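Enquirer: What follows is a single structure, and I will ask about it in a moment.
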Amino acid sequence: MNMRRLVGFNLLTGIVLGIGGFYLGWYGAHWLVSSLDIESLDYFGDTDENDLSLFFGYILGVIGFLVGLGFANYPLARLRGYPPSLREKETTGVSRYFGLSTDHKVVGMQYFVGIGGFFFIAGVNAMLIRFELLRPEPNVFPAGNYLTLVTEHGTMMMGMMTSAVLGPFANYLLPIMIGARRMAFPRIEALTFWLLMAAGVILLSGMFYGGLPTGWTGYEPLNLQGNMGMDAYILFFAFVGLSMTLLGLNMLATVITMRAPGMTWTRLPIFVWGVISTAILQLLAAPVLIGVLAMAAFDRTIQTGYFVAAQGGSNYLFENLFWFFGHPEVYILALPGFGVVLELMAVFARKPVWGYRLAVAGMLGVTLLSFTVWQHHLFVSGINSDLRPFYMLSTELISIPTGFIFICAMGTLWRGNITFSVPMLFCLAWVFNFLFGGITGIFNSDTPSDVTTHGSFFVMAHFHYTIMGGLIFTFFAAIYYWLPKMTGYMLNERLGKVHFWMMFIAFNCTFGPLFALGFEGMPRRVVTYPTDLQGLNDFVSASAFVLGISMLVFLYNLVYSQLFAKVPAPANPWGSKSLEFQLPSPVPVHDFDRIPVILDDPYGYGEEGRIVARPMPIPAGAGGEV
Amino acid sequence: MMRKLGHGARIALIWLVASTVGDVLVATVLTPHLPPGTGSTEASGQRFDNEVLTLVCIPIIALILVFFSYVLIVFRRRTGAPLTDGPPIRGNARVQTIWIASTTLIVLFLAAFGTYELLGGAGGGQGSGPVFVPDASAASLAQGAKPLQVQVIAQQWQFTYRYPDDGGFESAQFVLPVNRQVELHVTSLDVIHSFWVPALGVKADANPGADNIAYVTPTKVQSLHIECAELCGLFHGYMFDTGRVVSAAAFATFVAKQRAFVAPVTRYLPKYATTYLPEPAFRAG
Amino acid sequence: MSSSQKKISGIVAVMAVAGVAIGFYITGYLMSGPAAFHPTVTPGPSRSVNLTLQTDAAVGPSLAPNPDWVSYLVQDQSGKWRRTTVWSLPAHTLVHVTVYQFDGDSGLRNPFMAKVRGTVGNSMQVNGKTRNVIDPDDASHTFAVPALDLIVPLMGVADDAKNQCGYGPCAMSNAHNTITFSFMTPGPGRYRWQCLVPCAAGFLAGFGGPMQTLGYMDGFLNVS
Numbered sequence: 002m003n004m005r006r007l008v009g010f011n012l013l014t015g016i017v018l019g020i021g022g023f024y025l026g027w028y029g030a031h032w033l034v035s036s037l038d039i040e041s042l043d044y045f046g047d048t049d050e051n052d053l054s055l056f057f058g059y060i061l062g063v064i065g066f067l068v069g070l071g072f073a074n075y076p077l078a079r080l081r082g083y084p085p086s087l088r089e090k091e092t093t094g095v096s097r098y099f100g101l102s103t104d105h106k107v108v109g110m111q112y113f114v115g116i117g118g119f120f121f122i123a124g125v126n127a128m129l130i131r132f133e134l135l136r137p138e139p140n141v142f143p144a145g146n147y148l149t150l151v152t153e154h155g156t157m158m159m160g161m162m163t164s165a166v167l168g169p170f171a172n173y174l175l176p177i178m179i180g181a182r183r184m185a186f187p188r189i190e191a192l193t194f195w196l197l198m199a200a201g202v203i204l205l206s207g208m209f210y211g212g213l214p215t216g217w218t219g220y221e222p223l224n225l226q227g228n229m230g231m232d233a234y235i236l237f238f239a240f241v242g243l244s245m246t247l248l249g250l251n252m253l254a255t256v257i258t259m260r261a262p263g264m265t266w267t268r269l270p271i272f273v274w275g276v277i278s279t280a281i282l283q284l285l286a287a288p289v290l291i292g293v294l295a296m297a298a299f300d301r302t303i304q305t306g307y308f309v310a311a312q313g314g315s316n317y318l319f320e321n322l323f324w325f326f327g328h329p330e331v332y333i334l335a336l337p338g339f340g341v342v343l344e345l346m347a348v349f350a351r352k353p354v355w356g357y358r359l360a361v362a363g364m365l366g367v368t369l370l371s372f373t374v375w376q377h378h379l380f381v382s383g384i385n386s387d388l389r390p391f392y393m394l395s396t397e398l399i400s401i402p403t404g405f406i407f408i409c410a411m412g413t414l415w416r417g418n419i420t421f422s423v424p425m426l427f428c429l430a431w432v433f434n435f436l437f438g439g440i441t442g443i444f445n446s447d448t449p450s451d452v453t454t455h456g457s458f459f460v461m462a463h464f465h466y467t468i469m470g471g472l473i474f475t476f477f478a479a480i481y482y483w484l485p486k487m488t489g490y491m492l493n494e495r496l497g498k499v500h501f502w503m504m505f506i507a508f509n510c511t512f513g514p515l516f517a518l519g520f521e522g523m524p525r526r527v528v529t530y531p532t533d534l535q536g537l538n539d540f541v542s543a544s545a546f547v548l549g550i551s552m553l554v555f556l557y558n559l560v561y562s563q564l565f566a567k568v569p570a571p572a573n574p575w576g577s578k579s580l581e582f583q584l585p586s587p588v589p590v591h592d593f594d595r596i597p598v599i600l601d602d603p604y605g606y607g608e609e610g611r612i613v614a615r616p617m618p619i620p621a622g623a624g625g626e627v
Numbered sequence: 188m189m190r191k192l193g194h195g196a197r198i199a200l201i202w203l204v205a206s207t208v209g210d211v212l213v214a215t216v217l218t219p220h221l222p223p224g225t226g227s228t229e230a231s232g233q234r235f236d237n238e239v240l241t242l243v244c245i246p247i248i249a250l251i252l253v254f255f256s257y258v259l260i261v262f263r264r265r266t267g268a269p270l271t272d273g274p275p276i277r278g279n280a281r282v283q284t285i286w287i288a289s290t291t292l293i294v295l296f297l298a299a300f301g302t303y304e305l306l307g308g309a310g311g312g313q314g315s316g317p318v319f320v321p322d323a324s325a326a327s328l329a330q331g332a333k334p335l336q337v338q339v340i341a342q343q344w345q346f347t348y349r350y351p352d353d354g355g356f357e358s359a360q361f362v363l364p365v366n367r368q369v370e371l372h373v374t375s376l377d378v379i380h381s382f383w384v385p386a387l388g389v390k391a392d393a394n395p396g397a398d399n400i401a402y403v404t405p406t407k408v409q410s411l412h413i414e415c416a417e418l419c420g421l422f423h424g425y426m427f428d429t430g431r432v433v434s435a436a437a438f439a440t441f442v443a444k445q446r447a448f449v450a451p452v453t454r455y456l457p458k459y460a461t462t463y464l465p466e467p468a469f470r471a472g
Numbered sequence: 011m012s013s014s015q016k017k018i019s020g021i022v023a024v025m026a027v028a029g030v031a032i033g034f035y036i037t038g039y040l041m042s043g044p045a046a047f048h049p050t051v052t053p054g055p056s057r058s059v060n061l062t063l064q065t066d067a068a069v070g071p072s073l074a075p076n077p078d079w080v081s082y083l084v085q086d087q088s089g090k091w092r093r094t095t096v097w098s099l100p101a102h103t104l105v106h107v108t109v110y111q112f113d114g115d116s117g118l119r120n121p122f123m124a125k126v127r128g129t130v131g132n133s134m135q136v137n138g139k140t141r142n143v144i145d146p147d148d149a150s151h152t153f154a155v156p157a158l159d160l161i162v163p164l165m166g167v168a169d170d171a172k173n174q175c176g177y178g179p180c181a182m183s184n185a186h187n188t189i190t191f192s193f194m195t196p197g198p199g200r201y202r203w204q205c206l207v208p209c210a211a212g213f214l215a216g217f218g219g220p221m222q223t224l225g226y227m228d229g230f231l232n233v234s
């Protein structure tokens, strides 16, 4: 690493300028508020808090961070007529991974490490929550800090994990799968990652500004009442929303415009369809979140009253807008999993995806319907009781397209030649988990039943079954399946199986009893509960710790196999016909020497003589075979 | 006999047995333990609802689990067997049609059934203009032509209760007469809370500046556990309370005693209203 | 080990150590709360505990990082005022509470809380006079333990009183009301107590900041 790299635009300069920007905004706004003497900002003196300064600090901090990383270089150079710097296009060296890079493979690896890190932090939060719930009375964390933990865990998981599959795997693999050399907007691709990292740090810092009492939903007016930590919540989700919107835009643009010749819509790998439907949701839902958070930010800083009943506002406004984003959000988390499961099942059953068009219809149907169901989160909130039957119907309708995915998975395995590799085990666990997540969803969607289950541990168990069972299990399936392709080294299979069985059993022991606890009447987000529920809670906590240990097994496997054992991955370890497995492992810097011409979909198992792709023919005399 | 059957028929047979056994167990063993019990008309309705949903879901769960277990066992690659491809079946129009048709039918049935069960209000908060108003029982009509009104006032972090039919006195105790239809008006003085009485099958969010009405007819004399089901700040976990369902006579005694006890403060209370927006409202001290 | 392998291993090791250190720091930070105060128990057949409190409109820079926040203070055995709201009390014991009320009135959100409940005799002494209710608008704070159905509204200092206290801890020479009451502690357990008056200036509904941070306007009775 030479001097130029150290002082150049990289993570280090990003952090330095980020901290500088933060204090510039913090003290600048303090000076502004005191020198302008605006009456509506007088409350800053009473509360010993200054939300405006914190907002300015965070925003300038993020801008400084991005400038420090080098995001301003290209536009500035072009504006001033200089040739753009090519630093972001560097192709060698470890230092690429610690700065702005427009190589989709570098961004994919950055996402993998970054998302993994925050997943680990949020997971530790969950361990601490379960540690606290070992006893019916608070004994480890004071009541307020417990709520901060709950909020940190929920918000981080719901925010950062939106990119758990799309970030690492779609960024890395989607261009290759569709026969492209890069994403449509490489600089935006890098921006989505660094925005997400900045957002994660902002959220974590919130606990030092008085904590976050609201849970991941951030309901008004508790949000407005909260300490300065809530500013961190608002800006975290706003930046995550921005990142999500750009990520979805980039994915859609790439799939629409950059498919290789012959890559028709029905020849796309089914994983790409999972990405497409997720991207549609991200592009359309996340801006609503940014909008509602802007209103919340105005309420907190310049004293507007969007959500204050006494000022003509309404908390229903927040609830509706939030869930208009929030329900598509949970499908943003679930849909990539659908794609991963079908993609992998075809490979490990050695059969084509059964009912490809039905699966696509299922994903798009879920995408479309997920915008029509948001008020099922508000069945007992006291809004629009006459619309309840409609939202009950629309919510239950969504199980029809979800059912398509199940029948396609069933059809794909039927009469197959099934190999129980580690990725396949995780896909099969998805079937089990998502089945129970979906079935319990029927209880939540049914209004009379929801009166009991709403806001209880039942709901908590339900969405952990769908999101953790649906997303995180497929996330690990994708890691075991594709990471060898990305790094060039296999993961240890024996450790992988230990990880799987520990995680699968502990997961069900953790969240299964929560259904019962919900039925027993335990509300969510409580630090204390009746003593007769202690037995079940202790069992759940113990299982949760085993679940946490299973993650350490994975971490050990990752470090051991990638840094020490280093078993080289063959180009096609799973015998897949998909394009990415026709390239060497790891994928070389320039993915395809020649753009392929697509002749068929990648599922021609058992179909003799079907060729997926061949390299673009070279005009006569231009060169030899590739 | 199994030998002669095809894979599909075997799966169907195992599924039939599993779902029959499962449903019988649900109807006999599980149902008495299903929440929220039979403490009120609404709770009984919800329990019936939960029972029907469980009965419908068991065969679906059984189908998926039986199918996957069977397929994974029968079509697994044996140790040492070559990695040959399976048959290239890319779909089956008939199976797909049956699947779509049957899931649609189940879903439509569930939605229709849920709507039918909802017509009685189901104990949920319905806002200020309730649509699904249950009919009062004869026992309730004998105690009064109109439902008993009880207002639930939530604040950080305590519920209090107002009895407008009896001079509008306020009490820290939640007491209801048995077999009388009750119209609960739930509101909040600050942030969102949720009034949850598990044993009565009642849950209604308490919103600042909004009235949320829920109907319930308690059918059993018992003591109640009351909880807040919406995160409302620091002491959300401590925002629980107890209540009682008592006989009509005991209720009259409670009213008389409590009314006398709180009389000194009753004159300070604002006039009974469906919502209150006390000052200071916003950021003030 | 190749050089790149060494480099990556080094980076991973540094990241792991930093992560664990940050994790421990954050966990420790979140575990910290106000330290419990153990008042002296008067032994003998009439076992009792004396608890002396004061309420300040602004807790002052010497006692808290947020000098403008409203707060309860408790007097320890040496006569020093401490800012902690977690008090350890023996079970089934009479607690005699004396509150020096230095803060002005804010008014109750729910006027019902102006009635004294749950104390011995369902009443309190305000500057020596027995009261069982006050005008809700005069309330400055309350001492409430909802699980015991205990509530004592504390009358605020008149707005025009002379020599009002600025920053806490307030001296006895400042204008104040003296409120005394007694209550029996229940069986062992942790009981939260809180203020029900919207007294956190500047926050929505007067209920943010000090009202939602342990150590100011709400705390626990650790009864054992």
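Residue numbers (the numbering used here), protein chains in the order written: chain A, 2 to 627; chain B, 188 to 472; chain C, 11 to 234. Where a beta carbon is used, it is the ideal one built from N, C-alpha and C, also for glycine. All figures in this text were calculated on a predicted structure; none of them were measured in a lab.
When the Cβ atoms of the segment 236 to 245 of chain B are set against those of the segment 446 to 455 of chain A, are three or more pairs found closer than 8 Å?
Expert: yes
Enquirer: If we count the other Cβ atoms within 10 Å of its Cβ and call it buried at 16 or more, is C/F230 buried or exposed?
Expert: Position 220 of the third sequence holds residue 230 of chain C. Per the 10 Å Cβ criterion, buried.
Enquirer: Kindly say whether A/Q535, judged by its beta-carbon, lies nearer than 8 Å to any beta-carbon of chain B.
Expert: The sequence position of residue 535 of chain A within the first sequence is 534, counting from 1. Not one chain B Cβ lies under 8 Å of A/Q535.
Enquirer: How many angstroms separate the CA atom of A/G439 from the CA atom of A/S102?
Expert: Position 438 of the first sequence, counting from 1, holds the residue named residue 439 of chain A. Position 101 of the first sequence, counting from 1, holds the residue named residue 102 of chain A. So the two alpha carbons sit approximately 40 Å from each other.
Enquirer: Once you ignore the five residues that flank C/R92 on each side, which residues in its own chain have a CB closer than 6 Å to its CB?
Expert: Sequence index remark: in the third sequence, residue 92 of chain C carries index 82 (1-based). Same-chain partners within the cutoff: V84, D86.
Enquirer: Taking the continuous beta strand (DSSP E) assigned at C/W97, which residues delimit it?
Expert: In the third sequence, residue 97 of chain C corresponds to position 87, counting from 1. C/W97 -> beta strand (DSSP E) spans 96 to 99.
Enquirer: Could you name the residues that DSSP lists as bridge partners for B/T228?
Expert: Start at 1 with the first residue of the second sequence, and residue 228 of chain B comes out as number 41. B/T228 pairs with nothing; no bridge assigned.
Enquirer: Distance, Cα to Cα, A/I596 vs A/R182?
Expert: One-based indexing of the first sequence puts residue 596 of chain A at position 595. One-based indexing of the first sequence puts residue 182 of chain A at position 181. Going by the C-alpha atoms only, they are around 8 Å apart.
Enquirer: In its own chain, which residues sit with a C-beta less than 7 Å from the C-beta of A/L290, not counting the 5 before and 5 after it?
Expert: The sequence position of residue 290 of chain A within the first sequence is 289, counting from 1. For A/L290, where only same-chain residues beyond five positions count, the Cβ hits under 7 Å are F238, G242, F326.
Enquirer: Check the C-beta distance from C/M8 over to C/N187 and give it rounded, since I have them as a contact under 8 Å.
Expert: Within the shown structure, residues of chain C are numbered from 11 to 234, placing residue 8 of chain C beyond reach of any answer.
Enquirer: Residues in the segment 352 to 364 of chain A with C-beta within 9 Å of chain B's C-beta atoms, listed in sequence order?
Expert: K352, P353, V354, W355, G356, Y357, R358, L359
Enquirer: State the start and end residues of the unbroken alpha helix (DSSP H) segment that holds A/F476.
Expert: Your numbering for residue 476 of chain A matches position 475 in the first sequence. 474 to 488 is the span of the alpha helix (DSSP H), which, as asked, contains A/F476.
Enquirer: Using the beta-carbon of each residue, which ones in chain C are nearer than 7 Å to A/F142?
Expert: Residue numbering aside, residue 142 of chain A sits at position 141 when the first sequence is read from its first letter. In chain order: L40, M41.
Enquirer: Please classify A/Y44: does DSSP put it in a helix, a strand, or coil?
Expert: The sequence position of residue 44 of chain A within the first sequence is 43, counting from 1. Looking at A/Y44 - three-state DSSP - the assignment turns out to be helix.
Enquirer: On the DSSP letters alone, give me the boundaries of the beta strand (DSSP E) that C/N232 sits inside.
Expert: As a first step, residue 232 of chain C must be located in the third sequence, where it is residue number 222. C/N232 -> beta strand (DSSP E) spans 228 to 233.
Enquirer: With DSSP run on the structure shown, which of helix, strand or coil describes B/T207?
Expert: Working through the second sequence from its first residue, we reach residue 207 of chain B at position 20. B/T207: helix per DSSP, three-state reduction.
Enquirer: Can you pull the chain A neighbours of B/Y425, defined as C-beta to C-beta under 9 Å?
Expert: Taking the second sequence and counting its residues from 1, the one referred to as residue 425 of chain B is at position 238. Correct list: A144, V527, V528, T529.
Enquirer: Spatial neighbours of B/F438 within its chain, please: C-beta separation below 6 Å, excluding the five flanking residues on both sides.
Expert: The count along the second sequence starts at 1 and reaches residue 438 of chain B at position 251. Correct list, in chain order: P364.
Enquirer: Quick one: what's got a C-beta closer than 8 Å to B/Q368's C-beta in the same chain, skipping five residues either side?
Expert: Looking up residue 368 of chain B in the second sequence gives position 181. Only P321, A323, S324, S327, P334, L335, Y402, V403, T404 meet the Cβ criterion.
Enquirer: Assuming contact is defined by CB atoms lying nearer than 8 Å, are C/A168 and C/A149 in contact in what I supplied?
Expert: The residue given as residue 168 of chain C occupies position 158 in the third sequence. The residue given as residue 149 of chain C occupies position 139 in the third sequence. Taking 8 Å as the Cβ cut-off, C/A168 and C/A149 do not qualify as a contacting pair.
Enquirer: Roughly how far, in whole angstroms, is the beta-carbon of A/L12 from the beta-carbon of A/G100, given that I think they are within contact range, below 8 Å?
Expert: To locate residue 12 of chain A, count along the first sequence from 1; it is residue 11. To locate residue 100 of chain A, count along the first sequence from 1; it is residue 99. The Cβ separation is near 6 Å, so the contact holds.
Enquirer: Going by other Cβ atoms of all chains shown within 10 Å of its Cβ, with 16 needed for buried, is B/K390 buried or exposed?
Expert: Looking up residue 390 of chain B in the second sequence gives position 203. B/K390 counts as buried, since no fewer than 16 other beta carbons sit within 10 angstroms of its beta carbon.
Enquirer: A/R6 by DSSP, collapsed to three states: which one?
Expert: As a first step, residue 6 of chain A must be located in the first sequence, where it is residue number 5. Low per-residue confidence applies at A/R6: pLDDT is 49, beneath 50, and the placement is therefore not dependable, though the value from the model is reported in the following sentence. In the structure shown, A/R6 sits in a helix (DSSP, three-state: H, G or I).
Enquirer: Taking beta-carbon pairs under 7 Å, can you tell me which members of the segment 240 to 256 of chain A lie near chain B?
Expert: none
Enquirer: Distance, Cα to Cα, A/S206 vs A/L584?
Expert: Walking along the first sequence from the start, residue 206 of chain A turns up at place 205. Walking along the first sequence from the start, residue 584 of chain A turns up at place 583. Taking the straight line from one Cα to the other gives about 42 Å.
Enquirer: Compare the C-beta of B/D352 against all C-beta atoms of chain C and say whether one is closer than 8 Å.
Expert: Against the second sequence, residue 352 of chain B aligns to sequence position 165. So, not an interface residue.
Enquirer: With 8 Å set as the bound, which would you pick, yes or no: does the beta-carbon of B/G472 sit closer than that to a beta-carbon of chain C?
Expert: As a working mapping, residue 472 of chain B is identified with position 285 in the second sequence. Its pLDDT being 36, under 50, B/G472 is placed unreliably by the model, and the measurement read from it follows with that caveat. Yes - at least one Cβ of chain C is within 8 Å of the one on B/G472.
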